[in-house]
Amino acid sequence: NLRTKQHLHDFRQGPCADAKSKCCAILLTDKYETSPLYKSLSTHYHPTIAFGEARASNTKLGSELGVSTFPTLVMMCNGKTEVYDGELKSEPLEAYFGKYSKRK
């Protein structure tokens with residue numbers, strides 16, 4: 137769970153940089169429990185993509201990532217940030233992560 141800008145920095149420098157694709161996904165959510173779908177995706181795509189999560193109450197981190205609505209998924213690859221604009225459902229997310237999991 138990412139709570140501060142320092143956590144985000146450490147996540148980018150550690151798990152993101154170590155991921156095989158050099159990509160990481162961060163879910164900014166208003167839920168207090170990690171969804172089973174997000175847990176499943178993080179297990180399936182590990183270690184190719186690093187997964188993190190931040191709560192909507194963390195407005196500073198949301199602002200840092202350019203997010204003001206929740207839930208929002210942000211993908212970061214090699215210093216570039218992209219906000220996912222599809223449905224937060226299994227099939228579209230599988231397709232989305234699938235294209236990043238093929239990066240090396």
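Read left to right, the sequence shown gives residues 137 to 240 (this note's numbering).
Note that beta-carbon positions come from the ideal geometry of N, C-alpha and C, so glycine has one too.
Self-check item: Buried versus exposed call for Tyr168 [16 or more other C-beta atoms within 10 Å across all chains shown]
Solution: exposed
Self-check item: CA-to-CA distance, Ser199 to Cys159, given in whole angstroms
Solution: 20 angstroms
Practice problem: Compute the Euclidean distance between the alpha carbons of Lys240 and Thr140, then round it to the nearest angstrom. | Solution: Interpretation of Lys240 is limited by its pLDDT of 49, a score under 50 that renders its predicted location unreliable; the figure taken from the coordinates is listed afterwards. Taking the straight line from one Cα to the other gives about 29 angstroms.
Quiz item: Secondary structure at Lys175, three-state DSSP: helix, strand or coil?
Solution: helix
Practice problem: Examine the ligand ZN and report whether any of its heavy atoms sits within less than 7 angstroms of the Cβ of Asn214. | Solution: As presented, the structure is devoid of all ligands, the ligand ZN included, so that no description of it is given.
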